[in-house]
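Position one of the sequence shown corresponds to residue 67 (our numbering), numbered consecutively onward.
The block underneath contains the structure these notes are about, expressed in structure tokens.
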Amino acid sequence: MSYTLYGKAGFGSVCVEAALELVGAAYDFVEADPLGDAADQRRVRAVNPAGQVPALILPDDSVMTESAAILIWLGDHYPEAGIAPAVDAPERAEYLRWMLFLAASIYSTFTLSDGPERFHPDPATHETLLAMTNQRRNDMWTLMNDAFDGAPGRFLLGDSLSLLDVYVAMMCRWSPGRSSFARVCPALLPAVEATEADPIIAEVWARNFRRQD
């Protein structure tokens, strides 16, 4: 049983790549740049008409898109890996809440900041759009940081690594960078550092992130 992951180094496919490694699943990686040339974009749209990565081909040849959905699915289908709370676990509601919060409130901001021209044709508006988007992202990070301030355990949901930690650790590498995240989210930082210290995560990060910030 194997998977095929469409993605690009440093993009949203990183967390899915990490999840597949954590559960020990066999997979092939297909390099596909959604912001690349016409051939790259056709390759992406062939599996995801939205033109985004990650896209994961399941063993039955069905397609999953949306990083949070893929992570939740993998966590549930490999319970022995212990990287997601069980359906009846007390941490399950918090896990789902923050996975979807990250996808809807933080991940979505990068779509705008990475290409404001896709949302407004007038270059004169782009600086304002970027400033507002970055402020919104910081506000959402601060909200999550405050919610986890004082939480016990090495990781966000306790003493075990979960896919919630992986999701945060990936996004904090994106603009404006890891140093900025450390300033805005001091309560989340220890869990990110513990996640990055995991040998499997460290190997995936080395393949995907060329610099520390």
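Positions of the beta carbon are idealized from the N, C-alpha and C atoms, including for glycine.
Please identify the residue among the options whose C-alpha is closest to the C-alpha of residue i.
{"i": "S128", "options": "L71, D231, L162, N211", "result": "L71"}
{"i": "L124", "options": "A159, F95, F77", "result": "F95"}
{"i": "A91", "options": "P145, A197, Y233, T177", "result": "P145"}
{"i": "V250", "options": "V258, E262, N204, A263", "result": "N204"}
{"i": "G36", "options": "V258, G73, R273", "result": "Here the chain comprises residues numbered 67 to 279, so residue 36 is not present and cannot be evaluated."}
{"i": "M67", "options": "K74, H143, S79, F77", "result": "H143"}
{"i": "F77", "options": "Q201, N200, L195, S174", "result": "S174"}
{"i": "N200", "options": "F247, N274, K74, A272", "result": "F247"}
Is the distance from the Cβ of residue i to the Cβ of residue j below 8 Å?
{"i": "R111", "j": "G102", "result": "no"}
{"i": "L254", "j": "M210", "result": "yes"}
{"i": "L229", "j": "A85", "result": "yes"}
{"i": "P120", "j": "V82", "result": "yes"}
{"i": "E87", "j": "I266", "result": "yes"}
{"i": "A150", "j": "G141", "result": "yes"}
{"i": "L166", "j": "V234", "result": "no"}
Based on the DSSP output, what are the partners of residue i in its beta bridges?
{"i": "F95", "result": "L71"}
Do three or more CB pairs link the segment 213–224 to the segment 238–248 at distances below 8 Å? no
Note down, one range per segment and in chain order, each alpha helix (DSSP H) of at least 4 residues found wholly within the segment 83–137. DSSP runs (the alpha helix (DSSP H)) wholly in the segment 83–137: 104–113.
3-residue-minimum beta strand (DSSP E) runs that sit fully inside the segment 195–242, ordered along the chain: none
Enumerated in chain order, which unbroken segments of the alpha helix (DSSP H) with a length of 4 residues or greater are wholly contained in the segment 134–179? DSSP runs (the alpha helix (DSSP H)) wholly in the segment 134–179: 158–167, 174–179.
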